[in-house]
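In the UniProt record's numbering, the protein residues as written are 1 to 72.
Even for Gly, the Cβ is constructed at its ideal location relative to N, Cα and C.
Computed from a predicted model, the values in this text were never measured in an experiment.
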């Protein structure tokens with residue numbers, strides 16, 4: 001089962017939230033992502049939430065390419 005240290009990837013305000021709340025949160029809930037970054041992601045790709053970002057096809061493609069590169 002996968003695990004993640006939420007304190008390392010989320011802003012403090014989101015670290016104690018449930019997983020469904022985090023997935024529905026704006027991308028600015030991720031540590032290092034500003035409100036402006038979130039606005040730009042929405043303008044460019046229609047990404048509004050953490051879940052939207054996770055399922056964005058470009059993110060998935062980049063992850064697959066990185067996994068292929070790591071396998072060599």
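N- and C-terminal bounds of the alpha helix (DSSP H) containing residue i
i: residue 49; result: Segment: none, residue 49 is in no alpha helix (DSSP H) and carries neither H nor E.
i: residue 9; result: 6 to 9
i: residue 57; result: 57 to 71
i: residue 24; result: 19 to 24
Inter-residue CB distance, residue i and residue j (contact presumed, cutoff 8 Å)
i: residue 30; j: residue 45; result: Not really, about 15 Å apart at Cβ, beyond 8 Å.
i: residue 28; j: residue 16; result: With a Cβ gap of about 17 Å, residue 28 and residue 16 do not count as contacting.
With 16 other Cβ atoms within 10 Å as the buried cut-off, status of residue i
i: residue 69; result: exposed
i: residue 53; result: buried
i: residue 41; result: buried
i: residue 10; result: buried
**the region 6 to 26 in contact with the region 41 to 55 per 3-pair CB rule at 8 Å** = yes
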